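Okay, structure first, notes after.
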């Protein structure tokens, strides 16, 4: 088994070769054929997150231990089954759902693994997809991708489920409401394509600081785009929406984007923060009841939402994001390109 492991932060990932692991109990071994590279892997690679106020939240504080095989968007083929594994067979092509909980708490019992406080997320807290094999804990986390190209399907494991789950939280919306997406990176572009299918009756406004990404957003289905670096960005948002957007989904999550989203949303509307860029905002508590608004976080999604998303994609109404295929050996180069903003859409690594 070959894997590229994060051994030291801010250093090239190291190639490690070991024997293939043997699946135990309900485990299923997957030979990876495609694995997406996510912006959140940059925080692991760089060693932490911007906690606001000059503070850094280290990966150690999140329980992440090195060495780590990152990557949480794997797709592949079933090659070995544990003695108690059922529901799949050798040769099946599957997307590996990475957001796995402890399996033994009320949140996991209700199907909300993503709200478990003892998660076993692939590529974060367990070996992930920057490898030629990955272990799934149970066949229920292996999803059929028939009818979906595998190099696009793998991006749905994070970019897809994260944007879909966030978009389900915009309700209730009124007929005149417009929805704003902040950020047109890999997750944001995915969200635009999903929003066109999931919210077809509402105009979609996309905000970003990069002209090339805004052009891609228009191609993906945005009705309007705004460059947030313009001084009149907030005024333009209000002009396009009259009283403000009914919902804003922020796939960046910086101090600047959070403030813009909070200031722009209409009375009774929602600001939903998804991105992990980091920072802080100061909110006058009086404005929360007076504006009757909701400030909400959204973290990835659950297994039920993953299945809903796959059905939506199979319906053919979701615009796929641009996907570039690269060799797994280019993983460090890809992280560097992502850090410098040189990637449009998603890069998928092929072992």
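In the numbering used here, the protein residues as written are 1391 to 1741. Just so it is clear, CB atoms sit at the ideal spot from N, CA and C, and this is done for glycine as well. The structure presented is a predicted model; accordingly, all values stated were derived computationally and were not measured.
The Cβ neighbour count for residue 1723, taken over all protein chains shown within 10 Å, is under 16; the residue is labelled exposed. In this structure, DSSP gives residue 1615 an extended state, which the three-state scheme calls strand.
The alpha-carbon separation between residue 1709 and residue 1610 amounts to approximately 6 Å.
Contact between residue 1572 and residue 1553 is ruled out by a C-beta separation of about 12 Å, above the 8 Å threshold.
Looking at 1617, 1451 and 1492, the one whose alpha-carbon comes closest to that of residue 1650 is 1617.
Note on residue 1403: 16 or more other CB atoms within 10 angstroms of its CB, so buried under the neighbour-count rule. When secondary structure is reduced to three states using DSSP, residue 1741 falls in the coil class, being assigned neither helix nor strand. Exclusion of the five residues before and after residue 1603 leaves 1574 as the residues of its chain whose Cβ lies within less than 6 Å of its Cβ. The alpha-carbon of residue 1475 is positioned some 20 Å away from that of residue 1697. Residue 1741 counts as buried, since at least 16 other C-beta atoms from the protein chains shown sit within 10 angstroms of its C-beta.
If you draw a straight line from the Cα of residue 1591 to the Cα of residue 1580, it comes to about 18 Å. Annotated as distal: residue 1422 and residue 1541, with beta-carbon spacing of 8 Å or more. Looking at the DSSP output, residue 1484 sits in a beta bridge with 1466 and 1534. Judged by DSSP secondary structure, residue 1498 falls within the alpha helix (DSSP H) whose first and last residues are 1496-1499. Under the three-pair Cβ rule at 8 Å, the region 1496-1510 does not count as touching the region 1466-1473.
The beta carbons of residue 1576 and residue 1549 sit about 5 Å from each other, so the pair counts as a contact at 8 Å. In the three-state scheme derived from DSSP, where H, G and I count as helix and E and B as strand, residue 1696 is classed as helix. If only uninterrupted beta strand (DSSP E) runs of at least 3 residues are considered, those enclosed by the region 1596-1662 are 1614-1617 and 1637-1640. Residue 1478 and residue 1529 have their C-alpha atoms some 7 Å from each other. According to the DSSP assignment, residue 1423 belongs to no alpha helix (DSSP H) but to the beta strand (DSSP E) extending over 1418-1426. Per DSSP, the continuous alpha helix (DSSP H) segment holding residue 1540 begins and ends at 1540-1543. Within the model, the alpha-carbon separation for residue 1440 versus residue 1493 is close to 30 Å. Of the residues 1633, 1486 and 1437, the one whose Cα lies closest to the Cα of residue 1447 is 1437. Taking one beta carbon from each stretch, the region 1423-1434 and the region 1554-1563 have fewer than 3 pairs nearer than 8 Å; the two do not touch. Beta bridge pairing from DSSP links residue 1525 with 1419.
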